[in-house]
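Peer 1: With numbering that gives the first Met the number 0, you'll find the sequence shown wraps up at 185, consecutive numbering, no jumps.
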Amino acid sequence: MKRNPIVLFFVAAIVAAMLFAGVRVARQNRANSPGKGQLIGNLAPDFDLPTLDGKNLKLSDLRGKAVLLNFWATYCGPCKIEMPWFVELQKEYGPQGFQILGVAMDDASTEDIAKFAKEMGVNYPILIGKDSVADSYGGVNVLPTTFFVDRDGKLIAREFGLRSRSDFVDDIKKALSQGRAVQAQK
């Protein structure tokens with residue numbers, strides 16, 4: 000069977016145009032969404048979320064502390080790897096004005112999340128997440144997603160997926176060293 004070169008040319012041109020349009024739309028969506036570039040350096044979106052013990056916690060109540068805000072889920076394999084690191088990091092850096100917050104983003108019951116956190120030895124607050132909070136942080140499409148907030152409440156870093164422990168330590172030290180609270184201590 001003989002193929003018509005003109006038809007092949009038009010098919011190739013249509014595919015190329017569709018690819019070009021798709022890439023362009025993706026870039027525009029990324030530029031218009033509140034992604035990493037627009038969030039970093041600005042105040043972290045405030046929230047008021049329930050903890051496992053039924054109380055509510057607002058991010059703004061932690062102003063003056065450096066915060067690691069970790070969006071995770073009980074079914075997330077990489078989350079299970081980093082949680083023991085977070086337990087150690089909370090012990091190590093907590094006395095310096097550092098606080099980890101875990102935001103559970105799955106459909107498990109509060110009781111199941113509490114049981115999971117206890118089994119993991121979690122020593123920091125676990126909050127029951129809401130999609131609206133994740134959306135205010137530019138969407139959390141990857142678990143785990145971790146944000147670092149300085150003592151003034153400004154976002155200074157965002158990490159997607161499992162990172163090395165040393166990456167977390169670098170961002171924690173950066174968060175602890177920034178903000179007016181640090182300047183007042185000097």
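Cβ coordinates follow ideal geometry from the N, Cα and C atoms, glycine included.
(1) Name the DSSP bridge partner or partners of Arg164?
(2) Could you tell me if Lys64 is buried or exposed, where buried requires 16 or more neighbouring beta carbons within 10 angstroms of its beta carbon?
(3) Classify Gln89: buried if its beta carbon has 16 or more other beta carbons within 10 angstroms, exposed otherwise.
(4) Terminal residues of the continuous beta strand (DSSP E) containing Gln98?
(5) Compare the Cα-Cα distances from Val141 to each of Phe159, Ser131, Val148 and report the closest residue.
(6) Compare the beta carbon distance of Ile125 and Leu51 with 8 Å and say whether it is the shorter of the two.
(7) Per DSSP, which one or two residues make a beta bridge with Pro49?
(8) Measuring straight from C-alpha to C-alpha, what distance separates Phe46 and Asp134?
(9) Check whether the Cβ atoms of Pro77 and Leu161 sit closer than 8 Å, and answer yes or no.
(10) Thinking Leu58 and Thr145 are a contact (beta carbons under 8 Å), I'd like their distance in whole angstroms, please.
(11) What is the C-beta distance between Val148 and Val86, in whole angstroms, given that I count them as a contact (C-beta under 8 Å)?
(12) If you reduce the DSSP assignment to three classes, tell me which class Ile80 lands in.
(13) DSSP has Thr145 in a bridge; who is on the other side?
Peer 2: With the given structure in hand:
(1) Taking the sequence shown and counting its residues from 1, the one referred to as residue 164 is at position 165. DSSP lists no partner for Arg164.
(2) Mapped onto the sequence shown, residue 64 falls at position 65. The residue in question, Lys64, is buried, as its Cβ has 16 or more Cβ neighbours within 10 Å.
(3) Numbered from its first residue, the sequence shown carries residue 89 at position 90. It is buried - the Cβ of Gln89 has at least 16 other Cβ atoms within 10 Å.
(4) Within the sequence shown, numbered from 1, the residue matching residue 98 stands at position 99. Here the beta strand (DSSP E) through Gln98 covers 97-103.
(5) In the sequence shown, residue 141 corresponds to position 142, counting from 1. It is Phe159.
(6) As a position in the sequence shown, residue 125 is number 126, starting the count at 1. As a position in the sequence shown, residue 51 is number 52, starting the count at 1. Against a cut-off of 8 Å, the Cβ pair of Leu51 and Ile125 comes out as a contact.
(7) Here residue 49 is taken as the residue at index 50 of the sequence shown, counted from 1. Asn55, per the DSSP bridge assignment.
(8) On the sequence shown, residue 46 is found 47 positions in, with the first residue counted as 1. On the sequence shown, residue 134 is found 135 positions in, with the first residue counted as 1. Roughly 11 Å separates the two Cα atoms.
(9) Position 78 of the sequence shown holds residue 77. Position 162 of the sequence shown holds residue 161. Yes, these two residues count as a Cβ contact at 8 Å.
(10) Translated into the one-based positions of the sequence shown, residue 58 becomes position 59. Translated into the one-based positions of the sequence shown, residue 145 becomes position 146. About 14 Å; that fails the 8 Å criterion.
(11) What you label residue 148 is simply residue 149 of the sequence shown in a count that begins at 1. What you label residue 86 is simply residue 87 of the sequence shown in a count that begins at 1. That pair is no contact at about 19 Å.
(12) Translated into the one-based positions of the sequence shown, residue 80 becomes position 81. The answer is helix: DSSP assigns Ile80 an H, G or I state.
(13) Against the sequence shown, residue 145 aligns to sequence position 146. Answer is Asn69, Glu158, bridged to Thr145.
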